[in-house]
Every structure is written in structure tokens, then in C-alpha cells.
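Novice: In the UniProt record's numbering, the protein residues as written are 1 to 464.
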Amino acid sequence: MSIINKLYKVLPIGIVCRLIFCLPIQAQSIDSVMVNGLVKWSNDSIIHFPDKVIIKSKYDPALIKFVKVDSTGNYKLLLPVGDYVVTPYSKYHWRRDWDQGFIRIDETSSKALFNLDSTVRQNHHTLVLDTLILHSTMPKEGVIFNLDSTGISMLDEFILQNLDHYQVPGASLAIIKNGQVVYSKAYGVVNPITKEGVSESTIFEFGSITKPVFSFVVLRLVEKGVIDLDKPLYQYLPFPDVEHDSRYKLITARHVLSHQTGFPNWAERNEKGEFDLLFTPGTQFGYSGEGFEYLKRVLVHLANKDIETILEEELIRPLGLSNFYFKTNEYVRKNIADGFYRGAPSRSGFKEPNMAASLMTNPLDFAKFAIAIRNKVGLSPKTYDEIFRKHIVINESLSRGMGFELRKDNIGESYGHTGITRDFVSFFRYYPESDVGFVFTANNITGGWLSLVTLKEFLITGKK
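(1) Just how far apart, CA to CA, sit L455 and R389?
(2) Below 7 Å CB to CB, which residues in the same chain sit around L77 once its five sequence neighbours on both sides are set aside?
(3) Does R400 come out as helix, strand or coil in the three-state DSSP assignment?
(4) Assess, as a yes-or-no matter, whether the region 355–369 is touched by the region 196–206 under the definition of 3 or more beta carbon pairs within less than 8 Å.
(5) Rounded to a whole number of angstroms, what is the C-alpha to C-alpha distance between L379 and Y294?
(6) If F49 and V39 are in contact, beta carbons under 8 Å, what's the gap, nearest whole angstrom?
(7) DSSP three-state call for D31: helix, strand or coil?
(8) Tell me whether V256 sits in a helix, a strand or coil according to DSSP, three-state version.
(9) Bridge partners for Q122 per DSSP, in chain order?
(10) Using three-state DSSP, classify I133 as helix, strand or coil.
(11) Tell me the residue span of the alpha helix (DSSP H) that contains R333.
(12) Within the same chain, show all residues whose beta-carbon is closer than 6 Å to that of I47, passing over the 5 residues directly before and after it, in chain order.
(13) Relative to the C-alpha of Q167, which residue among L134, V143 and T252 is closest?
(14) Looking at the secondary structure, which residues open and close the alpha helix (DSSP H) in which P381 lies?
(15) Between E223 and the rest of its own chain, which residues show a CB-CB distance below 7 Å, the 5 nearest in sequence each way excluded?
(16) Could you tell me the distance, in whole angstroms, from the CA atom of F428 to the CA atom of T418?
(17) Let me know the secondary structure DSSP gives R297 once reduced to three states.
(18) Distance, Cα to Cα, L116 vs N123?
(19) Under the DSSP definition of a beta bridge, which residues are partnered with R429?
(20) Taking 9 Å as the cut-off, decide whether the C-beta atoms of K368 and G412 are in contact.
(21) Check N444 in the structure and name its three-state DSSP category.
(22) Since V69 contacts D51 with CB under 8 Å, what's their CB separation in whole angstroms?
(23) Name, in chain order, the residues that DSSP records as bridge partners for E205.
(24) To the nearest angstrom, report how far apart D60 and A267 are at their CA atoms.
(25) In whole angstroms, give me the CA-to-CA distance for residue 465 and G170.
(26) Run through the DSSP bridge pairs and tell me what F102 is partnered with.
(27) D409 and S397 look like a contact to me (Cβ under 8 Å); what is the Cβ gap, rounded to whole Å?
(28) Our contact map puts S288 next to F326 with C-beta atoms below 8 Å; I'd like the distance itself, whole angstroms only.
(29) Output the boundary residues of the alpha helix (DSSP H) element that contains S57.
(30) Quick one: residues in its chain with C-beta nearer than 8 Å to the C-beta of F279, no 5 flanking neighbours on either side, listed in chain order?
Structure (C-alpha cells):
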């Protein structure tokens, strides 16, 4: 029997009608609420947003969500009723430009609390991100030009302040003047948990600094007649992944070394294992590791030797670089710094040599290579002229040579390269006119802001 029929039996009909038709409707209780969040910076000049936020329940430690933030700073998800706190996913935000670097987010103030009530279908809240600024004193002139005890003390203090601010566990530095290493120093720890200190022999991943090193090897083989800089590579060894685009037949070793292949940096293949060129080879600049790996395969084919043998014969033995490693071995495992990724130590390494990214060494040993280039060792003067010729101009202060990045600033022209892996950042720069340079590496990519911008300013260019 229905509830209404039961009511008719025990209550007068007038009261039943009032219960059915006249009582106010109660709000329906709901178990989940749609959350609409917005990320904003307290500093309006910052234009990009972190890619994720973390939302945690205040009372249920198992309830935690990692939520993607779109390009406008908005995020959305469905959550059970309750109390929550939202925070940025990382303490650091990369501004998508190495000249602007990383921003450190103030974790204390950058959070939002919100309550999801069972009677409300949607929640709207805003997470405002505050920043922490490191106020370092920048010298008017780079300290490298007067590297006395006072300058060294200032330099060490500056680096340690920056490592602490950007939470970089460890780093290593070598400074070169007049063709010699005049100062080297290891900072911090290889692992923030074990607290083992970094030494000057500690190995770091050097990432894309592999490219100018491999370029030296390629040019050695050019001089020996193994490969022609301007002969299309497909004539040596076809590349099936791009054969569907006939423009790939234009690609030469020169295009690879100056980043004009038209390849993406690292290609995403389709279901057929193919990828498309981004532009006609030789017509513009397009940074590509993919091209360097193709050129590696061409050299292996032409020399009929594996790449490790080629590296040994054309690089390691001629220049005395016994601590250059291109794949992880037992020595590397014992001596490499741990990376520091997303707030935790990690290890990746390289199972096979990658000529765009896998160099592992330390600044002191890399300085041997930098000094060899400075002294124009191992290649003819004509080839060195080709290395430092501007093969493609990107803007008024940046060009590309053969494997090297060419820059111009207030001190003069320089050459070098950066290297970034998931866990590491490295940087070297040399100024031929002033005859000074440096090599720096760190085991957290947030050290990139230190190495690529502020350290160069502190050491060489001075306050601009």
C-alpha cells in the first residue's frame, strides 16, 4: 500500500492535501559538487600559468587530486562535499623563456580554502599566487675580470644564495681565462637525502651540450673525406620515417649542424611510424635533436663502426677526454649526481649514446674540450671558420654556427651551448675577444635561471 493511501486512512483529507501540495519543497541533497577554479598571479606582469594544481581534502588524507590548468588559468573537476585546500603543483614556475627564467612561488600565502556544501551545485574560487624574489647584488663589471679572493668570495656567496632560493641540491663550476682553468668549485650535495657532497669529479648530465661535441666529431670525418657537408644525407642512408615528404632529400649534414633540417626537435610518429617536416630544409631555423640522431646513423653506416668507437677515435683520444661518457656504465652509476625532479631525487641516465643529449661529464673535464675549441685543436683553421660562421641569423644578438650557439652582448661576441634534461641543466659560454669563459652544471633544472641568466651576468657581463 502506498504512503499516500496510508495517510488517507489515518488523517483527514484536508491535512493530506496540505502535506502533498502545500508544504515547501526542501533542497535536494547532493553528494558531489562541480568545482570551477581560477589561477591568478598577484603580479599582473606574469602572463603564463602553472600547468597543474593540487587539491587536498582537509580531513581525508587519501583524497588528493592533481588537476590540469588550461592556458587561461581555469580548471574544473567534480568533488565530494567537504572542505578543501588548493595549492600550486610546484614551488617553481618556468616563464617559458630562459631570459626570464623561473619564478619561485610563495607556498605560505599561495593557497585557497573552499567548502563544498551539499545544497550548492557549483563552487567558484580563485587561487592567487604570490612570488618570492631573491635580491642579489649584481656587480657593475663581471667578477671574472678581477677574480681575486674578494671576487671569489662574492661569487661563492652568490651561487650558494641562488642554489638555496631555487632549491638546487648541487652544482659545479669551472672558470677559464686565457686558455686555462683558473677557478673551479663544487657546491651542495649529489642527493639531498644522503647529503653526500658534490666533488669536482662528480658526473652530471650535460644534455644538449652533446650537440657541439658531436659536431666536432662530424667535422673531423668531413676533413677525412668520410662525409660531405653538402651532400644530401638520403644518398648515404635513407630515412624511412620522412620518405613520404620529398623535401627531406634536401637535408645535408650542414643543415643538421646549424638546425635547418625542418625536423621537429623530437618527432611524434603517426601509426605508420612517420612524421612531417615543419618547413623546407635550409630555409629557416628549427632546433632539432632528431636531426643529430639521423646524422649519427649516417656516420655509423659510412664508417662501418659503432658510434662509441667513432667517439673514441675522433674525440676522446685526440683531446684526452677520458671522463666523457655517452651512455651509463658502472663508473657513471657510482659517480653521477642524482637529479632532483619535482621535489624528489631521481635517476634516469642513458642506455645508448644519443648525439643530441647523452653527454655525461663534469665542468673540469668539459673545460678541456672548451679549451681545445679555444685553441682550435683537432680541425683545420678553415673548418673552425665554418664552425663560427653565422649560418643562420635568428635575431640581432643570436645566430647559429656549426653545432654552436653564437651570441652578442655588451662584452662582445661569444659561443657556447645550453643543456637541459629532465633533471639537469648545464651551460658553457666563451668570449674569444676577452678570452674568458665558464662551464656550469646543476642537478635541478631550476638552476637554469642561475646558469643561463644571472650567473653569466654576475661573472661576465655585469649589471646591465
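Note that beta-carbon positions come from the ideal geometry of N, C-alpha and C, so glycine has one too.
Fair warning: this is a prediction, and the values are worked out from it, not measured in the lab.
Specialist: On the basis of the data shown:
(1) 26 Å
(2) Short of 7 Å from the beta carbon of L77, and not among the five residues preceding or following it, lie these beta carbons of its own chain, in chain order: V35, K65 and V67.
(3) strand
(4) Touching, yes.
(5) If I take the Cα positions, the gap works out to 23 Å.
(6) About 5 Å; that satisfies the 8 Å criterion.
(7) Under the three-state reduction of DSSP, D31 is assigned to coil, being neither helix nor strand.
(8) helix
(9) Residue pairing for Q122: DSSP places it in a beta bridge opposite M34.
(10) coil
(11) E330 to N335
(12) none
(13) Proximity to Q167 across L134, V143 and T252 peaks at L134, based on C-alpha coordinates.
(14) P381 to F388
(15) L379, S380 and T383
(16) 7 Å
(17) helix
(18) Distance between the alpha carbons of L116 and N123 is about 7 Å.
(19) G416 and F438
(20) no
(21) coil
(22) For a cut-off of 8 Å, the C-beta gap from V69 to D51 is around 6 Å, short enough to register as a contact.
(23) M360
(24) Here the alpha carbon of D60 sits roughly 42 Å from the alpha carbon of A267.
(25) For residue 465 there is no data in the structure shown, the boundaries of the chain being 1 and 464.
(26) DSSP links F102 through a beta bridge to W94.
(27) 7 Å
(28) So it is not a contact: roughly 19 Å between Cβ atoms.
(29) No alpha helix (DSSP H) holds S57; the beta strand (DSSP E) holding it covers K52 to S57.
(30) G262 and G286
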